[in-house]
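The structure appears right after this line, and notes come after that.
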Amino acid sequence: MAALTPAPAATARSTADSAPRRSPRTDSERLFNRVTLGTLLALALLWLAPLAWAVATSVRPPGELATDPTAWFSGHSTLANYREVLAAGRIPYWYVNSFVTSGLTTLLTVCTASLAAFALSRLRFRHRRPVFLLILAGVMIPPQLLMVPHFLTLQAAGMLNTYWAVVLPQVPNVVAVFVFKQFFDGIPVELTDAARADGASWLRIYGQIVMPLSRPAVSAVTIFVFVWSWNNFLWPLLAVTDPQMMTLPVGLTSVQDAFGLPQAQLMASAVLGALPLLTVFLFFQRRIVEGIAGTGLK
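Residue numbers (the working numbering): 885 to 1182.
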């Protein structure tokens, strides 16, 4: 029996049909990607330029800076500006105060916000949705509006010039509650229902099931709350007047006002204040991206 062979025309046609076709949008997509990449690089350089200039200025001798303040590089770099700033104030104490207050604020915010979000996401009670909307309405209240009531309350309690005076007003965080609730809503309800059927309490479900599955949300909230608390200036300025209890941003400002630091030492103070935040970002940038990607609207 003779073998059937396809005609050459049919073979050529099938080969042409199976070959990948070039998308007509390929060139436009490549151009868009290049423009986007160039824009992002330009924005990154624009953001890094002031930081690089601050670091370069902080290691320049004061005399050289006075003669040519716009130069980027110096042939005689020195750490004398950092030594003078460290000697002028109580920066080691201010670093400890900032780490303690930021750490306590972050810990309490994660605990309270996650518990509130867990109740709103899993517990069934009357008026649950109005309560959630009422919590979200707190975003519209300016924090400055609450500073005077907070100050008077802490003053009456005798808590000014303490760590708790800085920490407690920063703990309630509407955004943290929203992020946790959105993430908890994405966890399958069957997990909690099965745990309830096995006799687990709500607190055990929260601690052993929901929270271990919510590490991206916990990481995102932890990093952002820590950075926000570290950078907070206005409330620690009002709550703390004892130089020994000041946080780093407030303490550096008091040193500048008291000693009239020159430009090089001002830049050294700025670098010292930003160094912990840059370290946190460099070590936890992957967690930041995962947290942002994992806590979106579902």
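Just so you know, even glycine gets a beta-carbon here, dropped at the ideal spot from N, CA and C.
I need the straight-line Cα distance from residue i to residue j, nearest angstrom please.
i       : j       : result
Gly1083 : Leu1017 : 31 Å
Arg1008 : Val1073 : 13 Å
Ala900  : Arg1171 : Bear in mind that a pLDDT of 49 at Ala900, under 50, signals an unreliable position, so the number given afterwards is only what the model happens to contain. Distance between the alpha carbons of Ala900 and Arg1171: 47 Å.
Met1151 : Gln1092 : 47 Å
Arg926  : Tyr1047 : According to the sequence displayed, residue 926 carries Ala and not Arg. Each residue's alpha carbon lies about 41 Å from the other.
Pro1033 : Val1124 : 16 Å
Thr993  : Ser912  : 46 Å
Leu991  : Pro1100 : 16 Å
Leu1044 : Leu930  : 41 Å
His1011 : Gly1042 : 37 Å
Thr923  : Gln1039 : 50 Å
Cys995  : Arg974  : 32 Å
Ser1085 : Arg1006 : 12 Å
Val1109 : Ala1081 : 36 Å
Val969  : Val1155 : 11 Å
Leu999  : Leu1020 : 16 Å
Phe1002 : Leu1161 : 30 Å
Pro1056 : Tyr979  : 24 Å
Leu1159 : Ala928  : 18 Å
Thr910  : Arg967  : 57 Å
Leu921  : Phe983  : 37 Å
Ile1107 : Leu1166 : 12 Å
Put residue i into one of helix, strand or coil per three-state DSSP.
i       : result
Leu1044 : coil
Phe957  : coil
Pro1053 : helix
Phe1167 : helix
Asp1126 : coil
Thr920  : helix
Gly1070 : coil
Ser926  : A small fix is needed here, since residue 926 is Ala in this sequence, not Ser. If DSSP states are grouped into helix, strand and coil, Ala926 belongs with the helices.
His1034 : helix
Asn1115 : helix
Leu1097 : helix
Pro976  : helix
Arg1010 : coil
Leu1087 : helix
Ala1142 : Legend: pLDDT at Ala1142 = 48, less than 50; position of this residue unreliable, no value from coordinates given.
Glu1082 : The sequence given here has Asp at residue 1082, not Glu. Coil at Asp1082, not helix or strand.
Leu1161 : helix
Ile1107 : helix
Thr1131 : coil
Val1023 : helix
Leu963  : coil
Contact check, residue i vs residue j under 8 Å by CB: the rounded distance?
i       : j       : result
Val1061 : Ala997  : 5 Å
Pro1127 : Ser1138 : 7 Å
Ala940  : Phe957  : 7 Å
Val1164 : Val1111 : 7 Å
Thr985  : Ser1113 : 7 Å
Phe1035 : Leu1122 : 6 Å
Leaving out five residues before and five after residue i in sequence, what residues of the same chain have Cβ atoms less than 6 Å from its Cβ?
i       : result
Gly1022 : Val1058
Ile1089 : Thr1076, Ala1079
Pro945  : His960, Thr962
Met1024 : none
Short of 7 Å in beta carbon distance, which residues of its chain neighbour residue i, apart from the five on each side in sequence? Order them along the chain.
i       : result
Gly1157 : Leu1132, Pro1133, Leu1136
Tyr977  : Gln1128
Ala1049 : Leu1038, Met1043, Ala1123, Val1124
Pro1026 : none
CB residue i to CB residue j, shorter than 8 Å?
i       : j       : result
Leu988  : Val1063 : no
Trp1119 : Met1031 : yes
Ser1098 : Phe1068 : yes
Leu915  : Val943  : no
Met1130 : Asn981  : yes
Gln1149 : Asn965  : yes
Gln1028 : Asn1116 : no
Excluding five sequence neighbours on each side, which residues of the same chain lie with their C-beta closer than 8 Å to the C-beta of residue i?
i       : result
Val1015 : Leu1004
Asn917  : none
Leu1087 : none
Arg1013 : none
Leu935  : Ala1158
Any heavy atom of the ligand ATP closer than 7 Å to the CB of residue i?
i      : result
Pro934 : In terms of ligand content, the structure shown is empty, and the ligand ATP therefore cannot be addressed.
I'd like to know whether the C-beta of residue i is nearer than 8 Å to at least one C-beta of chain B.
i       : result
Phe1035 : Reference to chain B is not applicable here, since this structure consists of a single protein chain.
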